[in-house]
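Following: one structure in structure tokens, then a few remarks.
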Amino acid sequence: MRKVRIGIIGAGRIGKLHAENLVRNGQVQIAGIADPFAAQMEEWAAKLGISKVISEPLELIQDPEVDAIFICSPTTTHAQLIIEAAKAKKHIFCEKPVSFDPEQTREALRVVEAAGVKFQTGFNRRFDRNFKHVAQAIRAGKIGDTHIVKITSRDPDAPPKPYILHSGGLFMDMSIHDFDMARYLTGAEVEEVYVQGAVLVDPVFEECGDIDTALVTLKFSNGALGVIDNSRRAVYGYDQRVEVFGSGGAISVQNEFPNSAELMTSEGIYRDKPHYFFLDRYNQAYVEETNQFIECILEDKPVAVNGYDGLAAELIARACDKSYRERRPVKLSEL
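With the working numbering applied, the sequence shown covers 1241 to 1575.
Written as structure tokens, this is what we have:
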């Protein structure tokens, strides 16, 4: 059986997650990992059977034994790494966002297209079985024409200040998943956004020039309307819900819980809080997105989430930031 030989750049939280998922795929061999703190990664890598741990990403990209590169390093490094990997004829999986600058993203994608390699953006939520079911039901016409999309996405707690400073802001770091989900569910492009935002969770966001709470309204190319609500802190856990309302009905996804047991007594009805962290809530989705990427390489099929999807979500994030700062509706055509 042919195996896809993978090089992973960046062994932080998400890089380690992908490595640990990929080693369980019988069609994958992890050829190496590149990280600035390579010496600190050797013991962890050895437990996974990965012998090559280096600090220089270009060495991994140029390795003839590597078929595909997973880019899990900081966002500011993505565009150049994509360009180098594409020139080396490596297939590419890149975590979101592709970059903080749409022009950098466009340039990187031009090089990818010219090289003829596969490129997948890491929007893992598309691979969640519940959201996938919603999208399939909409495509099958089960709720008629889509009229309203509601997405709730709230983190269990705020990230630390160093993370906030380099995150790209609420829209580019957090809401970008919801922008992609909105496009995925409706099958339509976002034409206009309007944002109300505030700092209600922690004043550190204001110190960083960011916000922690937002309401985003969307107008889609098919006439549908959308609303996304975001918060950096939901004290009860990771809050991830979707409802799509149409001319023929509605379909929704509620939160997932560690178990479905309910305790009913004379004092009330109780159940567990939702999963607390995104790694718990979307664990299987992360597995599925990488498995499908490997399948696309082996079977020469189009990827499920391409570079254009990454760019489209970035542009929506930029429009939202502009709307918040200028306090007006912003058309995507302005960008």
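Ideal placement from N, C-alpha and C gives every residue a C-beta, glycine not left out.
Residue i - containing beta strand (DSSP E), residue span
| i | result |
| --- | --- |
| glutamate 1502 | 1502 to 1505 |
| isoleucine 1248 | 1244 to 1249 |
| aspartate 1469 | 1465 to 1471 |
| tyrosine 1510 | 1508 to 1511 |
| alanine 1271 | 1268 to 1274 |
| aspartate 1479 | 1479 to 1486 |
| alanine 1308 | 1308 to 1311 |
| phenylalanine 1445 | Premise fails: phenylalanine 1445 lies in the alpha helix (DSSP H), 1444 to 1447, not in any beta strand (DSSP E). |
| leucine 1458 | 1453 to 1460 |
| serine 1492 | 1489 to 1493 |
Buried versus exposed, by CB contacts within 10 Å (16 or more), residue i
| i | result |
| --- | --- |
| glutamate 1305 | exposed |
| alanine 1286 | exposed |
| glutamate 1554 | buried |
| arginine 1264 | exposed |
| aspartate 1520 | exposed |
| asparagine 1499 | exposed |
| glutamate 1233 | A query on residue 1233 cannot be resolved here, the shown segment of the chain reaching from 1241 to 1575 and no further. |
| lysine 1329 | exposed |
| methionine 1240 | What is shown of the chain runs 1241 to 1575, which leaves residue 1240 out entirely. |
| leucine 1588 | Shown here, the chain extends from 1241 to 1575; a query on residue 1588 therefore has no answer. |
| serine 1573 | exposed |
| lysine 1401 | exposed |
| tyrosine 1478 | buried |
| lysine 1571 | exposed |
| valine 1475 | exposed |
| phenylalanine 1517 | exposed |
| glutamine 1280 | exposed |
| lysine 1256 | buried |
| lysine 1541 | exposed |
| asparagine 1364 | buried |
| serine 1373 | Position check: residue 1373 holds histidine in this sequence, whereas serine was assumed. Exposed. |
| glutamine 1480 | buried |
| aspartate 1368 | buried |
| serine 1506 | exposed |
| leucine 1455 | exposed |
| histidine 1417 | buried |
| aspartate 1512 | exposed |
| alanine 1380 | exposed |
| glycine 1508 | exposed |
Contact belief for residue i with residue j at Cβ below 8 angstroms, rounded distance in angstroms
| i | j | result |
| --- | --- | --- |
| isoleucine 1246 | cysteine 1312 | Their Cβ separation, rounded to whole angstroms, is 11 angstroms, which puts isoleucine 1246 and cysteine 1312 out of contact at 8 angstroms. |
| valine 1389 | valine 1484 | 5 angstroms |
| aspartate 1450 | alanine 1398 | Not quite, the Cβ-Cβ distance comes to about 10 angstroms (not below 8 angstroms), so this is no contact. |
| histidine 1515 | glutamate 1496 | 6 angstroms |
| lysine 1358 | valine 1543 | 6 angstroms |
| isoleucine 1290 | alanine 1325 | At roughly 19 angstroms, the Cβ-Cβ gap does not stay under 8 angstroms, so isoleucine 1290 and alanine 1325 are not in contact. |
| asparagine 1384 | glycine 1486 | The amino acid occupying residue 1384 in the given sequence is glycine; asparagine does not appear at that position. Right, the Cβ-Cβ distance comes to about 4 angstroms (below 8 angstroms), so this counts as a contact. |
Endpoints, the alpha helix (DSSP H) within which residue i is located
| i | result |
| --- | --- |
| alanine 1199 | Given a span of 1241 to 1575 for the chain in the structure shown, any question on residue 1199 remains unanswerable. |
| alanine 1557 | 1547 to 1566 |
| leucine 1257 | 1253 to 1262 |
| leucine 1587 | The first residue shown for the chain is 1241 and the last is 1575, placing residue 1587 beyond what the model contains. |
| lysine 1287 | 1278 to 1287 |
Heavy atom of the ligand HEM within 7 angstroms of residue i beta-carbon
| i | result |
| --- | --- |
| lysine 1571 | The ligand HEM is not part of the structure shown, which contains no ligands of any sort. |
- Message: Under 8 angstroms: do the stretch 1489 to 1496 and the stretch 1456 to 1470 share three or more Cβ pairs, one atom per stretch?
- Response: no
- Residue ranges of each beta strand (DSSP E) run of no fewer than 3 residues wholly in the stretch 1316 to 1362, ordered along the chain? 1331 to 1335, 1359 to 1362
- Message: To test your reading of the DSSP string, which unbroken beta strand (DSSP E) runs of 3 or more residues are found completely within the stretch 1353 to 1432?
- Response: 1359 to 1362, 1386 to 1394
- Task: Answer yes if the stretch 1335 to 1343 comes into contact with the stretch 1307 to 1323, meaning at least three C-beta pairs across the two stretches below 8 angstroms, and no otherwise.
- Result: yes
- Do the stretch 1557 to 1566 and the stretch 1421 to 1440 touch if we need at least three Cβ pairs shorter than 8 angstroms? yes
- Query: With contact counted as at least three CB pairs below 8 angstroms, one residue from each stretch, are the stretch 1378 to 1394 and the stretch 1529 to 1540 in contact?
  - Reply: no
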